[in-house]
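Comments concern the structure below.
In the working numbering, the protein residues as written are -14 to 273.
Dropping the structure here:
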């Protein structure tokens, strides 16, 4: 499958801070990729590099273009929502749609109006008078109405309550994603998006620590809720991570065949958030 994003040995420093430290990426067309990491891990720096918003060292191609040299052309193929979307407060919703329609050849006003019809956002109220949640919804509706091959979302539902967050992700799948578009999502609300994802990228301290299609995760990682009588045997198999949960030992194993774990307790695929914690602690980047 063709890669929409291809990067090798990306590096970015801010003074003495190495924000990106040899990042390699390959994001295939049609995938929904989750870029997961703690604060300061390099997530936003990576996304800005893909969009040509910052200069980086290394090889980089997005939608067949180098963002550092062809950002104007790239923006015809890419949409981006930052964690804090800034819209002109003096405009009304209607004027905003007029403006975007006049400047972006791939903006579908009918789709934007359909998305906005399910909100409480008035057409003739100034944006500065809207609530934070409404402004976020407005921004999302406008961006999702642009026919782009790559959608980059950096904390896209910040400021929305749980009902609106769920509605957004439902729309992302039902009204926007068509199997050919590529979506890259960076968020701290991992539990809300893991069912959407087809690819996982874990980043920490400027380095990619996991790069894996979601279907392979179940093949490589196993979580076991260990029966009390099997505790010693479970620990002898060298779990990559272990924790106590309501008095029960829970272990995550990497690269251990399921047949070797049978009889220890309930076997399941770890949640993305649990695997993320396990991976970072295994790498020695964070304290237990």
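Don't be surprised by glycine CBs; every beta carbon is placed ideally from N, CA and C.
Residues of the same chain with a CB within less than 8 Å of the CB of residue 76, apart from the 5 flanking positions on each side, are 84, 111, 112 in chain order. Taking the Cβ atoms as the reference, residue 253 lies roughly 5 Å from residue 208, within the contact range of under 8 Å. In this structure, the CA atom of residue 168 is about 22 Å from the CA atom of residue 98. If you draw a 10 Å sphere on the C-beta of residue 58, you find fewer than 16 other C-beta atoms in it, and that means exposed. Between the alpha carbons of residue 116 and residue 139 lies a gap of roughly 20 Å.
Note that the region 5 to 12 touches the region 177 to 191; at least 3 beta-carbon pairs, one per stretch, sit closer than 8 Å.
Take residue 258, set aside five residues on each side of it, and the residues of its chain with a beta-carbon closer than 8 Å to its own are 175, 176, 179, in chain order.
Contact between residue 263 and residue 226 holds: their C-beta atoms lie close to 3 Å from each other, under 8 Å. The Cβ atoms of residue 152 and residue 123 do not sit closer than 9 Å to each other.
Minimum Cα-Cα distance from residue 137 among the listed residues 232, 88, 166 corresponds to 166. Distances from the alpha-carbon of residue -12 to those of 46, 4, 146, 120 put 46 closest. Under the 8 Å Cβ criterion, the region 225 to 243 does not count as touching the region 150 to 164, having fewer than three qualifying pairs. Straight across, the Cα-Cα distance linking residue 36 with residue 103 is about 30 Å. Inter-residue distance for residue 191 and residue 65 is about 21 Å (C-alpha atoms, whole angstroms). Within the model, the alpha-carbon separation for residue 60 versus residue 30 is close to 18 Å.
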